[in-house]
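If you're matching positions, the sequence shown starts at 1 in the UniProt record's numbering and goes up one per residue. Glycine included, C-beta positions come from ideal geometry on N, C-alpha and C.
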Amino acid sequence: MLPTLKTFPTTKLIGKNLTFTYAKYRAFELWNGFMPRRKEIQNTIGTELYNVQINPIGFDFGPNEPFVKWAAVAVSTFDFVPEGMETLEIPEGLYAVFNYKGTAADAPPFFRYIYTEWLPNSEYELDNRPHFEILGEKYKNNDPTSEEEIWIPVRKKP
Numbered sequence: 001m002l003p004t005l006k007t008f009p010t011t012k013l014i015g016k017n018l019t020f021t022y023a024k025y026r027a028f029e030l031w032n033g034f035m036p037r038r039k040e041i042q043n044t045i046g047t048e049l050y051n052v053q054i055n056p057i058g059f060d061f062g063p064n065e066p067f068v069k070w071a072a073v074a075v076s077t078f079d080f081v082p083e084g085m086e087t088l089e090i091p092e093g094l095y096a097v098f099n100y101k102g103t104a105a106d107a108p109p110f111f112r113y114i115y116t117e118w119l120p121n122s123e124y125e126l127d128n129r130p131h132f133e134i135l136g137e138k139y140k141n142n143d144p145t146s147e148e149e150i151w152i153p154v155r156k157k158p
């Protein structure tokens, strides 16, 4: 379960977002609102879907702490944004990239390992940039053979 360290380039995304907490998790609602409309987005790059989370500074992953979640796709330009959708630009930066295989229901222990075991014992700390998963061709919703990449923003510890 060791990550690969990669520099993610500045990337433009168009999609939808919602603010919620882990206790009142609304990702299903977010993706149900996005998926039927994703074909309206022009100038897409690739076929991957981006499941992005933006945490406030000092976020402690508590069950009632709000964060912003995005359902989005990468685009080459922001020239046309469908009504009801918004833009997000992920800045370039270093990421720890983990490969995850399994269902969303089985993911919490994997994320717990990243944040409570791998990260504290590594030479890195969290950076204040978006966290995201890239859902590519091996992603299959609610399938135990589904695969995705988990990108955690990091920087060297001082």
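When secondary structure is reduced to three states using DSSP, T47 falls in the coil class, being assigned neither helix nor strand.
With respect to I150, Y100 sits close: the two C-beta atoms are nearer than 8 Å. Between the alpha carbons of A107 and I90 lies a gap of roughly 23 Å.
It is roughly 16 Å from the alpha-carbon of N128 to the alpha-carbon of K6.
In this structure, the beta-carbon distance from L94 to V154 falls below 8 Å. A distance below 8 Å separates the beta carbons of K12 and V75.
Measuring C-alpha to C-alpha distances from P36 to each of L135, K24, Y25, K16 identifies K16 as the nearest. In the DSSP annotation of this structure, the continuous segment of the beta strand (DSSP E) that includes P153 starts and ends at 147-156. By the criterion of a C-beta distance shorter than 6 Å, E147 is surrounded in its chain by K101, K138, once the five residues flanking it on both sides are discounted.
When DSSP states are grouped into helix, strand and coil, G58 belongs to the coil group.
About 5 Å separates the CB atoms of Y50 and A72; that is less than 8 Å, so the two are in contact. Inter-residue distance for K157 and Y124 is about 5 Å (C-alpha atoms, whole angstroms).
For F110, the enclosing alpha helix (DSSP H) has its first and last residue at 107-113. For N32, the uninterrupted alpha helix (DSSP H) segment begins and ends at 27-34.
In terms of Cα proximity to I152, the closest of S122, I41, F28, F80 is S122.
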